[in-house]
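Enquirer: Pasting in a structure now, in structure tokens, and then I'll have a few things to ask.
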Amino acid sequence: MGEQGPLAPGEAWRAVAACFLTTFALLSRHRIRLPKEHVGVRLGFADGTGARVYRETRLGSGLAKDPCTLVVTFRLRLVRGPAHALFRRESLLNTPLFVGFPGFTSKLWLAHDERDRYRGVYEWDGPRRAEHYARSLWRVLALVSVPGSIRYAVVPGLRRDDVIADPRLVEAPEPEASAWWRTAAGT
């Protein structure tokens with residue numbers, strides 16, 4: 006992971022618009038699924054925080070040909086206490102902002118953790134595609150997030166469920182800097 010930041014505004018918004026249009030084609034072909042197998046599972050992270058999966062979204066089989074794991078985090082502005090439950094319900098409406106991006110295969114939606122951070126834990130087809138999505142999404146998240154709270158991590162070559170099942174698969178060259186996204190053993 007190099008320097009993180011959003012794509013240029015024009016490029017990011019064009020990508021989001023294209024995603025939005027693609028999503029409606031996917032919906033019309035019944036390609037988007039909301040499986041329940043991970044819902045309720047608590048994921049722990051190396052920084053000592055954890056959160057429950059409250060939704061899963063899958064496109065087709067949910068398996069990538071060139072798998073990578075993508076983790077995105079952010080803190081919402083003005084969302085505290087009972088407003089978190091409202092956000093989780095309405096967040097389904099955000100599906101057109103990611104499911105139509107090239108390379109999307111599946112996402113676990115995590116509720117806010119002890120530091121009020123939300124995370125999305127994805128399997129993506131191709132690390133470059135995952136990074137393009139994360140940098141495009143940044144523009145959308147910046148509208149509703151606490152400044153400086155948006156971050157992402159791309160782990161090439163590993164399926165999301167494998168990273169969750171065995172956190173030792175991920176080498177941590179900068180343990181403290183990567184603790185927010187690395188899953189912890191026993192999750």
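Going by my numbering, the first residue of the sequence shown is number 6, and it counts up by one from there.
Each residue gets a CB set at the ideal place from its N, CA and C atoms; glycine is no exception.
A quick note: this is a predicted structure, and the numbers were derived from the prediction, not measured.
Given a cut-off of 8 Å, decide if Thr54 and Lys112 are closer than it, judged by their beta-carbon atoms.
Expert: no
Enquirer: Taking a contact to mean a Cβ-Cβ separation below 8 Å, would you say Val104 touches Leu31 in this structure?
Expert: yes
Enquirer: Is it true that the CB of Leu68 sits closer than 8 Å to the CB of Thr110?
Expert: yes
Enquirer: Would you please verify whether the beta carbon of Gly15 is less than 8 Å from any beta carbon of chain B?
Expert: Among the chains in the structure shown there is no chain B, since it carries only a single protein chain.
Enquirer: Put Trp215 into one of helix, strand or coil per three-state DSSP.
Expert: Only positions 6 to 192 of the chain appear in the structure, and residue 215 is not among them; the question remains open.
Enquirer: Please state the DSSP three-state secondary structure of Trp129.
Expert: strand
Enquirer: May I ask you to list the residues that DSSP assigns as paired with Tyr123?
Expert: Paired residues: Phe79.
Enquirer: In the DSSP assignment, what are the bridge partners of Val58?
Expert: Leu115
Enquirer: Quick check on Phe106: does DSSP put it in helix, strand or coil?
Expert: coil
Enquirer: Which whole-angstrom value describes the C-beta separation of Arg156 and Pro11, a residue pair presumed to lie in contact below a C-beta threshold of 8 Å?
Expert: For Arg156 against Pro11, the beta-carbon gap comes to about 12 Å, at or over 8 Å, which does not count as contact.
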